Structure formats: structure tokens, C-alpha cells
Amino acid sequence: MTPIIEQPLGERAEKDLQTIGQFKADEVLLDYQKRWIADDSDVKIAEKSRRTGLTWAEAADAALCAGTARNQGGCNHFYVGSNKEMAREFIEAVAMWSKAFHKAAGEITQETLFEDDGREGREILIFVVYFSSGFKVQALSSNPSNLRGMQGNVTIDEAAFHDRLAEVLKAALALTMWGSKVRLISTHNGYENLFNELINDSRSGKKRYSVHRITLHDACKEGLYQRICQINDKAWSLQAEQEWIDNLMKDTASKEDAEEEYFCVPKHGSGSYLSRMIIEARTHHAPVFRFHCTAEFNSWPEHLREAEINDWCNTHLLPILKTLNPTLEHCFGEDFARVSDLTVIAPMAVEQTLKRTVPFLVELFNMPYHQQRQILLYITTRLPRLRGGALDNRGNGGYLAEQAAEKHGNGIIEKVDLSQSWYLNNMPRFKSAFEDGSIAIPNDADVVADLQAIKLIKGVAKVPDVNTSTIKGKNRHGDAAIALSLAYYASLMDTVAYEYTAVLPVDRKNDNDYVSTSRYGSERGIL
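Using our numbering, you'd call the opening residue of the sequence shown number 243 and step up by one each time.
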């Protein structure tokens, strides 16, 4: 998500006025707060901007749960903050919500002594609200042992700032065995922090935690500053909102701090997303076929270019396509370019062990659209048990994506718009494949360089919007990295591979110009 601070006021006004109009002054909770409460996942994480009111919304959920009878799903709720003032503030919010919900509460905001770590003489002051339902909302210290023997939902607030987060989380997760829920809420506190690791593991599929991302931009689009104006009895305007945001940025010590505090970008997250060591460890001996078109070739008549490409495919691609295992499912990814960058086509086999192996790559430079289509379909119609393809749908790339969908069907092909959201949700899984050794790519220096071009930009792993290198006079823009990430994405698509064998008329069986109507095409003729 692009921070507001980088958008001119007029531009943001044009793009966001309709979204800002969704703010409803008579509703207590903003939409992102409602989504958080509605998420009933066993474990959910919120990476958020400072002071967006998410803990306040969590207090509402805690009051509802503790104020509900057991036979209707009620339970205790335990709050683990990083300091005493946070605990007091949370319990006061629970008390306020209990009154607003007309939930009968016994002793509101009671202070009591609690034996920290279960040892006499180590009593600490805690805060608790008791409800007539028999349940309570209780604020505990960050000592992991305090959760032992408890049962109920757990909120770990400002999780990234807990010294013993791993131990606290371990104790909290034990409560989920009997149906309790765990929530982690925090602003970021560094890239190497366990909180950020949990988020990346969740996005990569290693953990089944639900993740919510709420930047200051996101919160303002859904009415945060309008709510601030409403509470403070101030007139809202887009200009006043922008000035408020600008002042927040100016008052922060550095741009890096501001991005971490308000835009969910953990500090020290620059540099290559994938190290050269881990990339090279996942390479295997596989060819990269390159076709760089000259001005002379592009001036030829269409039928001559088509014949030349067909000869090239038969000479270079057909032999390796014939070696592909017909029992394995295959998929592919494609990154499109016409003049300045490269079109890269990345087939991928899904092994019995679920390892993703790239048998070869194809790089095309300065190639006309029709010949790109010719090569793409030559490959894809010969991939055994094709289960999915993901193609770059940006700009003129939509042509090839459309042609592939027309040939193979929309149920097999996905036309991908490479947005911030797509990168955010899919790059962690791609990285995880390299870390786990569940992917094999060609051992080619240019391919390795393209993968190293993936950078963390404002907390999102992506290829930068500038050319990353120039190889033999040709600009590279991380093209192989994008094609490979799309191929990996296609391998995870929920599709079904299918095929059939065409029944050939007797008089056509020996016709060399005949192209099979099989789902996967033929090894003869031009497709």
C-alpha cells in the first residue's frame, strides 16, 4: 500500500473520495475494526499503524464474550500487555463497552493482587472485570507462566515489544486445545523480530494464522481521521487530514521510523529478499533458451517469421519437451515484455514429493506479439497434465494472457495483475519454497541475478520499478524472478488437470499438417 505521504493531495482526493465517503458517523466501529472482530480464526494477527483503535475494538469483543453465557459461547478473556498503563486502559475500555452493551458486570475495573509466577511474595497488581455470566476479563503481566492453568481467549498486545514473546505465545496457544482463541496485535519492532517472522510464516502458508494489515493510509481511507474530528468536535476536510498526516511524519525522528510506526514496514528490511547462497542452493542443471529478435527478423513477412520460429521450437524446445514425465502435473508462469525488457516463460513440474522443478526457461527479447504467442502455445500445449498457468496481465501482456485463456480455458489460466496486494500475499510463499528446498530452478547466472533483484520495498517483497541490470546490452527487470514466482503461484492454484485423446479420421492419421485436438496439443504442426 503506498503511504499517503507520497501522494499529492489532489491525486489522493480524486482516488479516495468515494472510499472516504463510506465513513458513517452514527456507527461506533470503523470497517477495519469490524473486520477484526468478525474474524473468528483460532489465531489472528494484526500488524498495524500506531493508534488506530484496534485494541479498543478488541476490548469490545472481550466484553461481548465474557458477558455471554457459557451455553451461548461465552468464556474468560485474558489481556497480556507490555506495561501497566496498557492493562489499565484495556480494562477501562472493557468496562465502558460492558455498559454500552448492557452486559451486567459485577465489580467494574477492580484492582486485585495476583501471585506472579505462582510464588508467594511476588504479588502484583492486576485489573479485572467480573461479569454476571460467571466469566471475567483479566489483565495479566507478560510472565508466560501466568497463563498456565487458565482457560479463555488471550490477547497479546504490542506483541513485537514483549521480551519473551515466544514463551508467552507458547503458553497462550495451549489454550486453543479447548476452543479458546489467541490474538496478537502490534506495531512492528524490526524485521528480525519474532512478530514479523510469524506474519511472514502465515503469509507463506507455514502457519494457519489469519493476518490483518492496517496502515495509517488504510485506516484513514475507512474514516480514522474523520472519527478523530467527530470526537474532538472539529470540522473534517481532506486538506486538514493531509496536514495532520504530514505533521505526524515530521514529528517522527526518521523516515524509517515513520514507515515502521505508521505503515507496517519493519526496520532493517532492505536488501535482497533472497540471498544468493539460498538461490544457488536451489539450482539444478537445466537450460535457458534465448531468442533475441533483430530488426531484420521483425521486418520479415508474417509467414516467414512463423516458419523460422517453428523451426527454432522444433530444434530447441521439442527435444526437452519430449523428456517431461507424462505422469506429473505441470504448470507455467509468464512475464511479458515487448521491447525494453524480456518475456520469460517458466514451465514447472510438480513432483510426487510436491517439489516444484523448472525443466527449462525461455527468454524472448524484442519479439513480435504473434511469435510470442506461437512459442508460448508451442510449450503449453505440450506440457503433460497441465493444471494451471499464471500470466502477467499488465499492459500489453493482456494479449498473451487472453490468448492462453482462449486456448486452455479460464479455469486453467489466471490473468494476474501484479499489484502490491499480490506481491504481499504470494512472495512469502515463494521465498518459503527456497528456504524449504521445495523448488529447483536453472543454474543460470542471469536467472540468479533476477531473483536477487527482489527487494523489500515498504514492507512488500517485489521487483523494483526500475531496470535491475543490463545484460549484453539488454535491460533486465527481474523478469525471470516474476515468471518463476507466477509459475509457483500457478502450481498452488485450485484447478483440476484433465485430458482426452482425439479420435482421428482414418484419412487424416498420416497427414503431417494435422494438429491434434487433444487437450495438450500435438508434437506436429504449428499451433
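Built from N, CA and C at the ideal position, the CB exists for glycine as well. Note that the coordinates shown come from a computational prediction; the quantities given were computed from them, not determined experimentally.
With distances taken from CA atoms, which of the options is nearest residue i?
i	options	result
GLN613	GLY432, ASN667, TYR641 and LEU566	TYR641
LEU426	ASP460, TYR321 and LYS326	TYR321
GLY639	ASP721, PHE672 and ARG445	ASP721
THR737	ALA632, ASN685 and SER324	ALA632
ILE587	THR565, LYS597 and LEU625	LEU625
LEU466	PHE265, TYR730 and SER661	PHE265
GLY421	GLY394, LEU546 and THR494	GLY394
PRO706	SER733, ASN685, PRO684 and SER661	SER661
GLU522	GLY315, ALA682, LEU666 and LEU411	ALA682
GLU593	LEU566, SER446 and SER514	LEU566
HIS572	ALA579, PRO589, ASP405 and ASN313	PRO589
VAL581	LEU516, GLY637 and GLU550	GLY637
ARG776	GLU331, LYS448 and SER384	Missing from the structure shown is residue 776; the chain here goes from 243 to 769 and no further.
ALA461	THR595, GLN694 and CYS506	CYS506
ALA643	GLN314, THR585, SER517 and HIS719	THR585
ASN194	GLY575, GLY391 and ARG312	A question about residue 194 goes unanswered here, because the residues of the chain that appear run from 243 up to 769.
ALA267	LEU693, ALA305 and ILE470	ILE470
PHE343	LYS492, VAL270, THR569 and ALA381	VAL270
PHE578	ALA646, GLU538 and ARG524	ALA646
LEU559	ILE621, PHE539, VAL658 and LEU490	ILE621
MET735	GLU656, ALA495, TRP554 and GLN484	GLU656
ASP399	MET392, GLY376, THR418 and ILE333	ILE333
Rounded to whole angstroms, what's the CA-CA distance from residue i to residue j? Just pull it up for me.
i	j	result
THR536	PHE607	9 angstroms
LYS697	LYS509	14 angstroms
ALA308	LYS378	6 angstroms
PHE373	ALA302	14 angstroms
HIS319	ASP475	34 angstroms
ASP359	MET519	Note that ASP359 scores 49 on pLDDT, short of 50, meaning its location in the model is unreliable and no value can be drawn from it.
ARG364	ASN388	With a pLDDT of only 44 at ARG364, under the threshold of 50, the placement of this residue in the model should not be trusted; the figure read from the coordinates follows. Looking at the two C-alpha atoms, the distance is approximately 12 angstroms.
ALA619	PRO386	In the sequence as displayed, the identity of residue 619 is Leu instead of Ala. Cα-Cα distance, rounded: 58 angstroms.
GLU548	GLN616	8 angstroms
MET338	ILE487	29 angstroms
SER772	ASN556	Outside the displayed span of the chain (243 to 769) sits residue 772, for which this structure offers no information.
ASN435	ALA401	10 angstroms
LYS704	ILE654	25 angstroms
PRO684	PRO543	34 angstroms
ALA744	TYR504	A caution first: ALA744 carries a pLDDT of 49, below 50, which makes its placement in the model unreliable, though a value can still be read off. Between ALA744 and TYR504, the C-alpha separation is close to 59 angstroms.
SER340	MET328	18 angstroms
LEU667	ALA335	The amino acid occupying residue 667 in the given sequence is Asn; Leu does not appear at that position. Approximately 33 angstroms between the Cα atoms of the pair.
ARG450	SER733	19 angstroms
TYR730	LYS597	10 angstroms
VAL410	ARG390	10 angstroms
GLY630	THR569	16 angstroms
SER517	ARG524	11 angstroms
LYS412	GLU439	15 angstroms
SER282	ASN313	Looking at the sequence itself, residue 282 is Asp, so the reference to Ser does not match. Taking the straight line joining both Cα atoms gives about 18 angstroms.
ARG445	VAL702	12 angstroms
GLU331	PHE403	17 angstroms
PRO561	THR623	15 angstroms
ASP443	GLN380	30 angstroms
TYR665	ASP659	10 angstroms
So who's on the other strand from residue i, going by DSSP bridges?
i	result
ASP583	Per DSSP, none; premise fails for ASP583.
LYS286	ARG425 and SER452
LEU726	LEU726 is not bridged to any residue.
MET590	CYS573
PHE533	LEU606
PHE320	GLN380 and VAL396
THR310	Beta-bridge pairing links THR310 to no other residue.
ASP634	VAL658
PRO684	HIS526
ILE699	VAL702
LEU628	HIS572
TYR372	LYS378
SER514	LYS697
THR737	According to DSSP, which records beta bridges pairwise, THR737 is partnered with nothing at all.
Is it buried or exposed, residue i, if we count other Cβ atoms within 10 angstroms and call 16 or more buried?
i	result
MET669	buried
LEU628	buried
GLN481	exposed
MET609	buried
ILE473	exposed
VAL371	buried
ALA408	exposed
LEU382	buried
Examine the Cβ distances between the segment 678-692 and the segment 718-737 and report whether three or more of them are shorter than 8 angstroms.
Counting C-beta pairs closer than 8 angstroms gives three or more between the segment 678-692 and the segment 718-737, which meets the contact rule.
Check whether the segment 447-460 touches the segment 282-296, taking contact to mean three or more Cβ pairs, one atom from each stretch, closer than 8 angstroms.
At 8 angstroms Cβ cutoff, the stretches touch.
Check whether the segment 410-429 touches the segment 668-685, taking contact to mean three or more Cβ pairs, one atom from each stretch, closer than 8 angstroms.
The segment 410-429 vs the segment 668-685: no contact.
For the pair the segment 322-331 and the segment 477-496, tell me if three or more CB-CB distances fall below 8 angstroms.
Pairwise C-beta distances place the segment 322-331 out of contact with the segment 477-496, as fewer than three of them are shorter than 8 angstroms.
How do the segment 524-531 and the segment 588-603 stand: do at least 3 beta-carbon pairs fall below 8 angstroms, yes or no?
With three or more CB-CB distances shorter than 8 angstroms, the segment 524-531 counts as touching the segment 588-603.
The segment 291-299 / the segment 272-282 touching (three or more Cβ pairs under 8 angstroms)
Enough Cβ pairs lie closer than 8 angstroms, so yes.
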